[in-house]
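Engineer: Using full-length UniProt numbering, the first residue of the sequence shown is number 1, and each one after it goes up by one. Each residue gets a CB set at the ideal place from its N, CA and C atoms; glycine is no exception. There's a structure below that I have some questions on.
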Amino acid sequence: MKGIPTESMPREKLLNQGPQSLTDAELLAIFLRTGTQGMNVLELADYLLKDCGSLRQLFAASCDEFCQHRGLGEATYVQLQAVIEMTQRYLSETLKRGDALTSPEQTKLYLSSRLRDRQREAFYVLFLDNQHRVIKDEILFEGTIDSASVYPREVVKRSLEHNAAALILAHNHPSGVAEPSQSDRRITRRLCDALALVDISILDHFVIGDGEVVSFAERGWL
1 MKGIPTESMP REKLLNQGPQ SLTDAELLAI FLRTGTQGMN VLELADYLLK
51 DCGSLRQLFA ASCDEFCQHR GLGEATYVQL QAVIEMTQRY LSETLKRGDA
101 LTSPEQTKLY LSSRLRDRQR EAFYVLFLDN QHRVIKDEIL FEGTIDSASV
151 YPREVVKRSL EHNAAALILA HNHPSGVAEP SQSDRRITRR LCDALALVDI
201 SILDHFVIGD GEVVSFAERG WL
């Protein structure tokens with residue numbers, strides 16, 4: 001990368017200033033490591049981001065879609081999927097150490113990584129013990145592109161099976177709009193009432209959109 005000062009190279013910049021100082025193109029360049037004919041790695045990274053639209057769209061591409069882009073192949077796709085999976089597992093382990101409540105932003109980040117890009121609406125539950133540590137997390141219901149049927153009896157049943165003392169709920173809006181609907185608020189109230197009968201509380205309900213996460217607790221709805 002002729003003409004670029006050494007301290008401005010992505011690798012050196014990360015070491016000196018931290019990963020948060022890098023642009024999307026610089027982060028992608030570190031991952032790619034090498035350019036292609038006629039393009040250095042930074043030029044290739046910038047080209048790919050413009051061609052795909054964003055890092056998120058690049059990450060969400062299927063193997064066939066990914067390999068259609070210049071400079072990318074199956075081996076790079078496999079490496080990227082491994083990185084994405086490691087990130088999700090890291091976030092999951094962070095929650096399972098008991099950070100679900102002490103780090104609400106980490107919880108939002110984890111839930112967003114799990115639900116944001118799903119094409120159908122999914123209803124997700126974090127089952128917590130009496131110290132608010134995560135016992136189990138799972139998708140209980142999955143619906144069409146715009147709705148999911150949520151059955152309070154099933155939520156109560158699974159909560160008792162896991163011996164949960166509290167829950168954190170989440171679901172995605174495939175439309176990308178995170179604003180909760182009246183239906184979302186009604187089912188949350190029904191779940192609160194049903195779970196209260198067996199002394200299980202709902203600590204929060206997150207609605208995952210495209211780049212935004214809405215918290216029922218922060219809105220004062222719980």
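1) Among Val-150, Leu-80, Phe-141, whose alpha-carbon lies nearest the alpha-carbon of Ile-30?
2) Only counting runs of 3 or more residues, tell me where the beta strand (DSSP E) segments fall wholly within the segment 75-159, in order along the chain.
3) Between the alpha carbons of Ile-168 and Asp-204, how many angstroms are there, rounded?
4) Please classify Gly-209 as buried or exposed, where buried requires at least 16 other C-beta atoms within 10 Å of its C-beta.
5) Measuring alpha carbon to alpha carbon, tell me which residue in Phe-206, Asn-163, Ser-54 is nearest Val-134.
6) Within 10 angstroms of its Cβ, does Cys-63 collect 16 or more other Cβ (buried), or is it exposed?
7) Tell me which residues share the same chain as Pro-68 and place their Cβ nearer than 7 Å to its Cβ, disregarding the 5 neighbours each side in the sequence.
8) If you compare alpha carbons, which of Pro-10, Val-156, Ser-159 is closest to Ala-25?
9) Return the bridge partner residues of His-205 from the DSSP annotation.
10) Assuming Ser-183 is part of the alpha helix (DSSP H), what are its boundary residues?
11) What separation, rounded to the nearest whole angstrom, lies between the Cα atoms of Leu-32 and Ser-113?
12) Tell me which same chain residues have a C-beta within less than 7 Å of the C-beta of Glu-154, skipping the five on either side of it?
13) Who are the Cβ neighbours of Val-177 in its own chain at under 6 Å, not counting the five residues just before and after it?
14) Can you tell me the Cα-Cα spacing of Phe-127 and Arg-89, whole angstroms?
15) Could you pull out every residue in the same chain whose Cβ sits closer than 6 Å to the Cβ of Thr-87, ignoring the five residues on either side in sequence?
Structural biologist: Taking the structure as given:
1) Leu-80
2) 122-128, 134-142
3) 5 Å
4) buried
5) Asn-163
6) exposed
7) The identity of residue 68 in the sequence shown is Gln, whereas the question assumes Pro. If we look at Gln-68 and ignore the five residues flanking it on each side, it has no Cβ neighbours.
8) Pro-10
9) Leu-169
10) 182-196
11) 22 Å
12) Leu-140
13) Gly-209
14) 17 Å
15) none
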